[in-house]
Amino acid sequence: MDEPLVAIVGAGVMGTGISTLVVGHGLPVVLVDIDEGVLERAAAATAGGLRHATLMGALPAGRAPARLRTTLSLDEVADAAVVIEAVTELPERKAEVLAGVSALVRPGTPLITNTSGIPIDEMAAWVKSPGDLIGTHFMNPAYLISMVEVIRGPRTADGTVESVLSLLTRIGRRAVVVRDAPGFVTSRLLHPMINDAARVVGAGTATVEDVDTLMQGCLGHPTGPLRTADLIGIDNLVDALEALYARTGDERCRPSELLLEKVRRGELGRKSGRGFYNYSEAQS
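Under our numbering, the first residue of the sequence shown carries the number 827, and numbering increases by one thereafter.
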(Lines of atoms letter the chains of each structure in order from A and count residues from 1; the text may use other names and numbers.)
(Lines give C-alpha, C1' and ligand atoms only; values in the text may rest on other atoms or scores of the structure.)
Protein backbone atom coordinates (compact mmCIF):
# COMPACT_ATOMS: atom_id res chain seq x y z
CA MET A 1 0.00 0.00 0.00
CA ASP A 2 1.35 3.42 -1.03
CA GLU A 3 2.07 5.93 1.69
CA PRO A 4 0.03 9.17 1.54
CA LEU A 5 1.60 12.12 -0.27
CA VAL A 6 2.39 15.20 1.83
CA ALA A 7 2.61 18.52 -0.02
CA ILE A 8 4.69 21.30 1.51
CA VAL A 9 4.47 24.82 0.11
CA GLY A 10 7.46 27.01 0.86
CA ALA A 11 11.05 25.76 0.66
CA GLY A 12 12.66 28.07 3.19
CA VAL A 13 14.23 27.01 6.46
CA MET A 14 11.00 25.67 7.99
CA GLY A 15 9.66 24.06 4.83
CA THR A 16 12.99 22.30 4.29
CA GLY A 17 13.16 21.12 7.89
CA ILE A 18 9.62 19.75 7.77
CA SER A 19 10.36 18.05 4.44
CA THR A 20 13.40 16.40 6.02
CA LEU A 21 11.28 15.17 8.92
CA VAL A 22 8.50 13.78 6.73
CA VAL A 23 10.64 11.97 4.12
CA GLY A 24 12.90 10.72 6.91
CA HIS A 25 9.88 8.94 8.39
CA GLY A 26 9.01 7.31 5.09
CA LEU A 27 6.28 9.57 3.68
CA PRO A 28 6.75 11.02 0.17
CA VAL A 29 6.81 14.80 -0.18
CA VAL A 30 6.22 17.23 -3.01
CA LEU A 31 7.91 20.52 -2.11
CA VAL A 32 6.61 23.63 -3.89
CA ASP A 33 8.25 27.03 -4.24
CA ILE A 34 8.32 29.88 -6.75
CA ASP A 35 12.12 29.93 -7.06
CA GLU A 36 14.09 27.13 -8.72
CA GLY A 37 17.29 28.11 -6.91
CA VAL A 38 15.52 27.91 -3.55
CA LEU A 39 14.25 24.44 -4.44
CA GLU A 40 17.73 23.27 -5.41
CA ARG A 41 19.15 24.51 -2.10
CA ALA A 42 16.26 22.90 -0.24
CA ALA A 43 16.93 19.51 -1.85
CA ALA A 44 20.59 19.74 -0.85
CA ALA A 45 19.68 20.90 2.66
CA THR A 46 17.22 18.02 3.03
CA ALA A 47 19.93 15.51 2.11
CA GLY A 48 22.22 17.10 4.69
CA GLY A 49 19.45 17.16 7.26
CA LEU A 50 18.76 13.47 6.75
CA ARG A 51 22.43 12.70 7.42
CA HIS A 52 22.39 14.88 10.53
CA ALA A 53 19.15 13.34 11.83
CA THR A 54 20.52 9.84 11.24
CA LEU A 55 23.71 10.63 13.18
CA MET A 56 21.57 12.03 16.02
CA GLY A 57 19.37 8.93 16.11
CA ALA A 58 16.32 11.04 15.26
CA LEU A 59 14.96 8.85 12.45
CA PRO A 60 13.42 5.35 12.56
CA ALA A 61 16.10 2.66 12.39
CA GLY A 62 16.00 0.57 9.24
CA ARG A 63 13.53 2.79 7.36
CA ALA A 64 14.71 4.26 4.07
CA PRO A 65 13.79 7.89 3.42
CA ALA A 66 10.90 8.44 1.04
CA ARG A 67 11.16 10.43 -2.15
CA LEU A 68 11.34 14.22 -2.15
CA ARG A 69 10.06 15.81 -5.36
CA THR A 70 10.41 19.54 -5.98
CA THR A 71 8.26 21.66 -8.28
CA LEU A 72 7.44 25.24 -9.24
CA SER A 73 3.80 24.33 -9.88
CA LEU A 74 1.24 24.76 -7.10
CA ASP A 75 -1.06 22.44 -9.09
CA GLU A 76 1.06 19.54 -7.81
CA VAL A 77 -0.65 19.78 -4.41
CA ALA A 78 -4.02 18.69 -5.84
CA ASP A 79 -3.61 14.97 -5.08
CA ALA A 80 -1.94 15.33 -1.68
CA ALA A 81 -3.45 13.72 1.41
CA VAL A 82 -2.42 16.76 3.45
CA VAL A 83 -0.91 20.15 2.61
CA ILE A 84 1.48 22.07 4.88
CA GLU A 85 1.88 25.76 4.09
CA ALA A 86 5.28 26.98 5.30
CA VAL A 87 5.80 30.31 3.55
CA THR A 88 7.09 33.45 5.22
CA GLU A 89 5.14 34.88 8.17
CA LEU A 90 3.47 37.65 6.16
CA PRO A 91 -0.34 37.64 6.08
CA GLU A 92 -0.60 38.70 2.43
CA ARG A 93 1.71 35.89 1.31
CA LYS A 94 -0.04 33.26 3.42
CA ALA A 95 -3.42 34.48 2.15
CA GLU A 96 -2.31 34.06 -1.46
CA VAL A 97 -0.94 30.56 -0.91
CA LEU A 98 -3.79 29.25 1.23
CA ALA A 99 -6.41 30.53 -1.21
CA GLY A 100 -4.56 28.87 -4.09
CA VAL A 101 -4.18 25.57 -2.27
CA SER A 102 -7.78 25.59 -1.09
CA ALA A 103 -8.98 25.91 -4.68
CA LEU A 104 -6.98 22.84 -5.78
CA VAL A 105 -7.36 20.15 -3.10
CA ARG A 106 -10.20 17.73 -2.55
CA PRO A 107 -12.78 18.71 0.09
CA GLY A 108 -11.78 17.39 3.51
CA THR A 109 -8.03 17.59 2.82
CA PRO A 110 -6.35 18.97 5.95
CA LEU A 111 -4.73 22.34 5.29
CA ILE A 112 -1.97 22.95 7.83
CA THR A 113 -0.55 26.43 8.16
CA ASN A 114 2.81 26.45 9.88
CA THR A 115 2.73 29.75 11.73
CA SER A 116 4.37 31.24 14.78
CA GLY A 117 1.59 33.63 15.63
CA ILE A 118 -1.09 34.62 13.09
CA PRO A 119 -4.50 33.56 14.44
CA ILE A 120 -6.00 30.58 12.63
CA ASP A 121 -9.47 32.11 12.52
CA GLU A 122 -8.01 35.12 10.71
CA MET A 123 -6.58 32.77 8.07
CA ALA A 124 -9.84 30.80 7.84
CA ALA A 125 -11.27 33.68 5.81
CA TRP A 126 -8.78 32.84 3.06
CA VAL A 127 -9.87 29.22 2.42
CA LYS A 128 -12.99 27.63 0.97
CA SER A 129 -13.53 25.22 3.87
CA PRO A 130 -12.53 26.75 7.24
CA GLY A 131 -13.11 23.39 8.92
CA ASP A 132 -10.15 21.95 7.00
CA LEU A 133 -7.70 24.58 8.31
CA ILE A 134 -5.49 24.01 11.36
CA GLY A 135 -2.27 25.51 12.63
CA THR A 136 1.02 23.93 13.60
CA HIS A 137 4.11 25.53 15.04
CA PHE A 138 7.09 23.29 14.31
CA MET A 139 10.32 24.30 16.01
CA ASN A 140 13.62 24.60 14.14
CA PRO A 141 15.11 22.18 13.24
CA ALA A 142 11.85 20.31 12.79
CA TYR A 143 13.60 16.98 12.21
CA LEU A 144 15.25 17.09 15.66
CA ILE A 145 12.68 18.76 17.95
CA SER A 146 9.99 16.24 18.81
CA MET A 147 7.28 18.56 20.19
CA VAL A 148 4.81 20.44 17.98
CA GLU A 149 2.33 23.10 19.04
CA VAL A 150 -1.02 22.48 17.29
CA ILE A 151 -3.52 25.31 17.09
CA ARG A 152 -7.21 24.59 16.70
CA GLY A 153 -9.18 27.49 15.28
CA PRO A 154 -12.80 28.13 16.30
CA ARG A 155 -13.97 26.62 13.00
CA THR A 156 -11.49 23.73 12.73
CA ALA A 157 -13.37 20.42 12.34
CA ASP A 158 -12.87 17.48 14.69
CA GLY A 159 -11.84 15.31 11.75
CA THR A 160 -9.11 17.76 10.79
CA VAL A 161 -7.67 17.69 14.31
CA GLU A 162 -7.75 13.88 14.37
CA SER A 163 -6.08 13.60 10.94
CA VAL A 164 -3.29 16.00 11.85
CA LEU A 165 -2.61 14.37 15.21
CA SER A 166 -2.44 11.01 13.43
CA LEU A 167 0.05 12.42 10.91
CA LEU A 168 2.22 13.88 13.66
CA THR A 169 2.26 10.54 15.47
CA ARG A 170 3.21 8.83 12.20
CA ILE A 171 6.25 11.12 11.83
CA GLY A 172 7.31 10.70 15.45
CA ARG A 173 6.14 14.03 16.87
CA ARG A 174 4.36 14.72 20.15
CA ALA A 175 1.62 17.33 19.98
CA VAL A 176 -0.03 19.73 22.39
CA VAL A 177 -3.28 21.25 21.10
CA VAL A 178 -3.96 24.84 22.17
CA ARG A 179 -6.70 27.35 21.49
CA ASP A 180 -6.41 30.10 18.92
CA ALA A 181 -4.89 33.46 19.96
CA PRO A 182 -2.15 35.78 18.63
CA GLY A 183 1.17 34.03 19.25
CA PHE A 184 -0.57 30.99 20.77
CA VAL A 185 1.65 29.80 23.67
CA THR A 186 5.26 29.41 22.54
CA SER A 187 5.65 32.62 20.53
CA ARG A 188 3.60 34.68 22.99
CA LEU A 189 6.12 33.76 25.69
CA LEU A 190 9.37 33.34 23.74
CA HIS A 191 9.37 36.27 21.32
CA PRO A 192 8.88 39.06 23.89
CA MET A 193 11.60 37.41 26.02
CA ILE A 194 14.06 37.53 23.10
CA ASN A 195 13.05 41.13 22.44
CA ASP A 196 13.74 41.99 26.10
CA ALA A 197 17.12 40.25 25.89
CA ALA A 198 18.01 42.39 22.86
CA ARG A 199 16.95 45.50 24.81
CA VAL A 200 19.23 44.52 27.69
CA VAL A 201 22.16 44.26 25.27
CA GLY A 202 21.20 47.49 23.52
CA ALA A 203 21.15 49.32 26.86
CA GLY A 204 24.69 48.13 27.62
CA THR A 205 23.66 46.19 30.74
CA ALA A 206 25.36 43.01 29.56
CA THR A 207 26.99 41.48 26.50
CA VAL A 208 25.26 39.03 24.19
CA GLU A 209 27.36 36.20 25.60
CA ASP A 210 26.64 37.15 29.19
CA VAL A 211 22.88 37.31 28.62
CA ASP A 212 22.84 33.85 27.09
CA THR A 213 25.18 32.41 29.70
CA LEU A 214 23.04 33.71 32.56
CA MET A 215 19.81 32.43 30.99
CA GLN A 216 21.42 29.02 30.49
CA GLY A 217 23.12 28.72 33.85
CA CYS A 218 20.53 30.38 36.09
CA LEU A 219 17.22 29.70 34.36
CA GLY A 220 17.88 26.51 32.41
CA HIS A 221 17.33 27.89 28.91
CA PRO A 222 19.00 25.34 26.61
CA THR A 223 20.79 27.80 24.28
CA GLY A 224 20.06 31.31 25.51
CA PRO A 225 17.54 33.70 23.92
CA LEU A 226 19.93 35.42 21.54
CA ARG A 227 21.32 32.20 20.09
CA THR A 228 17.70 31.21 19.67
CA ALA A 229 17.07 34.45 17.77
CA ASP A 230 19.90 33.56 15.40
CA LEU A 231 18.38 30.13 14.84
CA ILE A 232 14.88 31.52 14.19
CA GLY A 233 16.24 34.19 11.84
CA ILE A 234 16.19 37.76 13.12
CA ASP A 235 14.10 38.94 10.16
CA ASN A 236 11.54 36.22 10.88
CA LEU A 237 11.57 37.20 14.54
CA VAL A 238 10.93 40.87 13.71
CA ASP A 239 8.05 39.92 11.39
CA ALA A 240 6.50 37.78 14.12
CA LEU A 241 6.95 40.50 16.77
CA GLU A 242 5.35 43.09 14.51
CA ALA A 243 2.40 40.76 13.91
CA LEU A 244 2.04 40.22 17.67
CA TYR A 245 2.28 43.94 18.40
CA ALA A 246 -0.35 44.77 15.78
CA ARG A 247 -2.77 42.24 17.28
CA THR A 248 -2.13 42.71 21.01
CA GLY A 249 -0.78 46.24 21.48
CA ASP A 250 1.74 44.81 23.96
CA GLU A 251 4.77 47.13 24.04
CA ARG A 252 7.04 44.16 24.83
CA CYS A 253 6.25 42.96 21.30
CA ARG A 254 7.34 46.17 19.57
CA PRO A 255 10.65 45.14 17.91
CA SER A 256 13.65 46.62 19.71
CA GLU A 257 15.99 48.97 17.89
CA LEU A 258 18.82 46.43 18.08
CA LEU A 259 16.73 43.77 16.29
CA LEU A 260 15.70 46.29 13.63
CA GLU A 261 19.32 47.37 13.17
CA LYS A 262 20.40 43.75 12.71
CA VAL A 263 17.83 43.34 9.94
CA ARG A 264 18.93 46.57 8.24
CA ARG A 265 22.53 45.30 8.27
CA GLY A 266 21.54 41.90 6.87
CA GLU A 267 22.73 40.23 10.10
CA LEU A 268 19.89 37.71 10.16
CA GLY A 269 21.44 34.88 12.17
CA ARG A 270 22.74 31.51 11.15
CA LYS A 271 21.29 31.66 7.65
CA SER A 272 23.24 34.82 6.77
CA GLY A 273 26.43 33.82 8.61
CA ARG A 274 26.10 36.52 11.24
CA GLY A 275 23.49 37.67 13.75
CA PHE A 276 24.17 38.09 17.44
CA TYR A 277 27.02 35.61 16.83
CA ASN A 278 29.38 35.09 13.89
CA TYR A 279 28.88 31.80 12.04
CA SER A 280 30.90 32.51 8.89
CA GLU A 281 34.06 30.78 10.12
CA ALA A 282 32.11 27.66 11.11
CA GLN A 283 30.54 27.54 7.63
CA SER A 284 33.79 28.03 5.72
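Don't be surprised by glycine CBs; every beta carbon is placed ideally from N, CA and C.
- Looking only at Ala1069, His851, Ala1055 and Leu930, the smallest Cα-Cα distance to Ala887 is reached by His851.
- For Gly961, the beta-bridge partners assigned by DSSP are Thr939 and Ile977.
- Taken through DSSP and simplified to helix, strand or coil, Ile971 comes out as coil.
- Between Leu853 and Ala868, the C-beta spacing is not below 8 Å.
- Contact between Leu894 and Ser845 holds, with the beta-carbon distance rounding to 6 Å and staying under 8 Å.
- The residue among Ile1020, Ser972, Phe1010 and Ala1007 with its C-alpha nearest the C-alpha of Arg999 is Ser972.
- When DSSP assignments are scanned along the stretch 885-944, the uninterrupted stretches of beta strand (DSSP E) that are 3 or more residues long and fall wholly within it turn out to be 894-897, 908-911 and 937-940.
- When beta bridges are read from the DSSP output, Asn1104 appears opposite Arg1100.
- Separation of Glu1083 and Gly874 (C-alpha to C-alpha, rounded to the nearest whole angstrom) is 35 Å.
- In the three-state DSSP reduction, Arg867 falls in the helix class (H, G or I).
- If you compare the alpha carbons of Pro1008, Val990, Pro1048 and Ala904 with that of Asp1076, the shortest gap goes to Pro1008.
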